[in-house]
Amino acid sequence: MSFTVNLRSVTLEYGAEPALADVDLDLEAGKIYGLLGRNGAGKTSLLSLLAAFRKPTSGEVLVGGEPVWENAPIVSRVALIREGGDFDDTETVKGTIESGQIRPSFDTDYAFALADRFEVPLKKRVNALSRGKRSVLAALCGLAARAELTMFDEVHLGMDAPTRDAFYKELLAEYMDRPHTVILSTHLIDEVANYLEEVVIVDKGRILRHADIETFQGMGATLTGPAAAVDALGLEPLAEQRLGGTKSITVAALDAAARERAAAAGIEVGPVGLQDLFIHLTAPQDRNGA
Amino acid sequence: MFDDGTPIYRQIADQIKAEIMNGSLEPGGKVMSTNQYAAFYQINPATAQKAFRELVDEGILYKQRGVGMYVADDARDRLAADFRERFFERVLAPLVREARQAGIPLSDIIDYLRDQEGALR
Chain A
115 MSFTVNLRSV
125 TLEYGAEPAL
135 ADVDLDLEAG
145 KIYGLLGRNG
155 AGKTSLLSLL
165 AAFRKPTSGE
175 VLVGGEPVWE
185 NAPIVSRVAL
195 IREGGDFDDT
205 ETVKGTIESG
215 QIRPSFDTDY
225 AFALADRFEV
235 PLKKRVNALS
245 RGKRSVLAAL
255 CGLAARAELT
265 MFDEVHLGMD
275 APTRDAFYKE
285 LLAEYMDRPH
295 TVILSTHLID
305 EVANYLEEVV
315 IVDKGRILRH
325 ADIETFQGMG
335 ATLTGPAAAV
345 DALGLEPLAE
355 QRLGGTKSIT
365 VAALDAAARE
375 RAAAAGIEVG
385 PVGLQDLFIH
395 LTAPQDRNGA
Chain B
4 MFDDGTPIYR
14 QIADQIKAEI
24 MNGSLEPGGK
34 VMSTNQYAAF
44 YQINPATAQK
54 AFRELVDEGI
64 LYKQRGVGMY
74 VADDARDRLA
84 ADFRERFFER
94 VLAPLVREAR
104 QAGIPLSDII
114 DYLRDQEGAL
124 R
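Going line by line, the protein sequences match chains A and B.
Quick note: the first sequence uses the numbering used here, first residue 115, plus one each step.
Quick note: the second sequence uses the numbering used here, first residue 4, plus one each step.
What follows is the structure in structure tokens.
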């Protein structure tokens, strides 16, 4: 069984400023989601609500169809892994892994196998680990939790590129072995894009966009050609660049008719990667409304 | 592995088609599972699933419930017909466009193609 997520008009305030403002969100069970947003956009707040680390100021947070706040049977099958892992620093790695057993589904053998594979020394104390090893310990505890909703919040920080790659690989293997709901919050967007089925973009405490990955990948376009021809298309650019007589613009959406007109005018049409699209969608000067 | 112009599921579908055309996948042969594709390419299994769904819709693959995906017996014929249909638009149209930009007369291209045909014989 894997968990659905539903937020109904959820607001979370620390002091006066809302971290999340009237958020509605529905996530189906058993998919891998990417949660994207700039620093301070509300990603961690959102995840903290789902893990019942925080109580919403108003609105409803449902996980597996039930209110998650003070709901031990649900919470024990939800894992939120934050950077650094929320560990007792004076504990050994071995002791830290074993303390995962308070979860009913924690797979201790798997955790030790991963520790061995990722070369995390069992006898060392957590505070003696490098930042990278500490992140690996957090990530492996998240995988071994075998939760029904697993959330990784910037857990890759401190991991080098080969380690991140091995972590994504293991995450995918574990997911295919045992389908469950996964939320990956990260700034390394292009690195994880292929693993995602859906993407949620949070901006200034609100859900800016939520769609499947192909929608995002087919959404934007870059158009490059003679400046006059590009201008003649009359599109609203998110960004533009000029190099001599050549102009390149990025648009958030390009319909088939505009695509055809561009091709006919000898304008080169290229894709916009998820990361670039994200940058444009969340750039302060480009936002309309809100 | 993937160029980011076309959606990944379409690139996988195109690759399976190419494998059928070049004979590395035989008609009636079994195709790797969604999870095997996902693990091999390091992609979400739903993405691989979309590629398979498209190929099933086109009649290139068929599904045997609980067993797996197989290459349709007439898959190669279908694909060959499709390739022929799209050949002029896909290959020759850009060629003509580029030749025009470079100022190469069509007669030169025709001569070149005739020579090629001579060489192929």
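The beta carbon of each residue, even a glycine, is placed where N, CA and C say it ideally should be.
What you are looking at is a predicted structure, and each value in this text was computed from that prediction instead of being measured.
Neighbour-count burial assignment, residue i, 16 or more Cβ in a 10 Å radius
i, result
"alanine 397/A", "exposed"
"serine 123/A", "exposed"
"serine 172/A", "exposed"
"proline 351/A", "buried"
"threonine 222/A", "exposed"
"glycine 380/A", "exposed"
"serine 159/A", "buried"
"aspartate 317/A", "buried"
"aspartate 374/A", "Here residue 374/A is glutamate; the residue named in the question, aspartate, does not match the sequence. Label assigned to glutamate 374/A: exposed."
"glutamine 410/A", "The first residue shown for chain A is 115 and the last is 404, placing residue 410/A beyond what the model contains."
"threonine 204/A", "exposed"
"isoleucine 216/A", "exposed"
"serine 27/B", "exposed"
"glycine 339/A", "buried"
8 Å Cβ cutoff, residue i in contact with chain B
i, result
"leucine 176/A", "no"
"leucine 257/A", "no"
"leucine 298/A", "no"
"glutamate 212/A", "no"
"tyrosine 224/A", "no"
"tyrosine 309/A", "yes"
"lysine 283/A", "yes"
"phenylalanine 392/A", "no"
Neighbour list for residue i in chain B, Cβ cutoff strictly below 7 Å
i, result
"glutamate 262/A", "None at all; the shortest Cβ gap to chain B is about 18 Å."
"isoleucine 146/A", "Asn47"
C-beta neighbour in chain A for residue i, strict 8 Å
i, result
"glutamine 18/B", "no"
"glutamine 45/B", "yes"
"proline 108/B", "no"
"isoleucine 112/B", "no"
Cβ-based neighbour list, residue i, same chain, cut-off 7 Å, excluding 5 preceding and 5 following
i, result
"glycine 32/B", "Tyr73, Val74"
"alanine 78/B", "Ile23, Pro30, Ile63"
"glycine 199/A", "Arg248, Leu251, Ala252, Cys255"
"glutamate 142/A", "Thr118"
Chain A residues whose Cβ lies nearer than 9 Å to that of residue i
i, result
"proline 10/B", "Ile327, Glu328, Gln331, Gly332"
Beta-carbon contacts of residue i that lie in its chain and below 8 Å, excluding the five residues immediately before and after
i, result
"alanine 83/B", "Met24"
"lysine 145/A", "Thr295, Val296, Glu311, Glu312"
"glutamate 354/A", "Lys361, Ser362, Ile363, Thr364"
"glycine 334/A", "Leu352, Thr364, Val365, Ala366, Ala367, Leu368, Pro385, Val386, Asp390, Leu391, His394"
"lysine 282/A", "The residue asked about is misnamed: residue 282/A is tyrosine in this sequence, not lysine. Closer than 8 Å at Cβ, skipping near neighbours: Glu305, Val306, Tyr309."
"leucine 236/A", "Thr206, Val207, Lys208, Ile211, Phe226, Ala229"
"arginine 152/A", "Asp317, Thr396"
"alanine 343/A", "Ala379, Gly380, Ile381"
Interface residues of chain A facing residue i [CB-CB closer than 8 Å]
i, result
"alanine 84/B", "What alanine 84/B touches in chain A: nothing, since even the nearest Cβ is about 25 Å away."
"alanine 41/B", "Leu286, Met290"
Per-residue contacts from residue i into chain A (C-beta, under 7 Å)
i, result
"asparagine 38/B", "Met290"
is_contact[residue i, chain C] using C-beta, thresh 8 Å
i, result
"glutamate 197/A", "Note that chain C does not occur in the displayed structure, where the protein chains are A and B."
Residues near residue i in its chain [Cβ-Cβ closer than 6 Å; skip 5 each side]
i, result
"valine 234/A", "Val207, Lys247, Val250, Leu251"
"glycine 272/A", "Arg245, Gly246, Ser249"
"proline 187/A", "none"
- Ignoring anything shorter than 4 residues or poking outside the stretch 238-301 of chain A, list the alpha helix (DSSP H) runs there in chain order. As far as the stretch 238-301 of chain A is concerned, its whole alpha helix (DSSP H) runs of at least 4 residues are 245-258, 275-291.
- Could you give the uninterrupted runs of the beta strand (DSSP E) lying entirely in the stretch 132-210 of chain A, keeping only those of 3 residues or more? With a minimum length of 3 residues, the continuous beta strand (DSSP E) runs that stay inside the stretch 132-210 of chain A are 146-151, 172-177, 192-196.
- Query: Where are the alpha helix (DSSP H) runs, 4 residues long or more, that stay fully inside the stretch 35-97 of chain B, in chain order?
  - Reply: Every alpha helix (DSSP H) stretch that sits fully inside the stretch 35-97 of chain B and reaches 4 residues is listed by chain position as 37-44, 48-60, 78-90.
- Return the chain-ordered ranges of every beta strand (DSSP E) run that is complete within the stretch 306-371 of chain A and spans a minimum of 3 residues. Within the stretch 306-371 of chain A, the complete beta strand (DSSP E) runs of at least 3 residues are 312-317, 320-326, 335-340, 353-357, 360-365.
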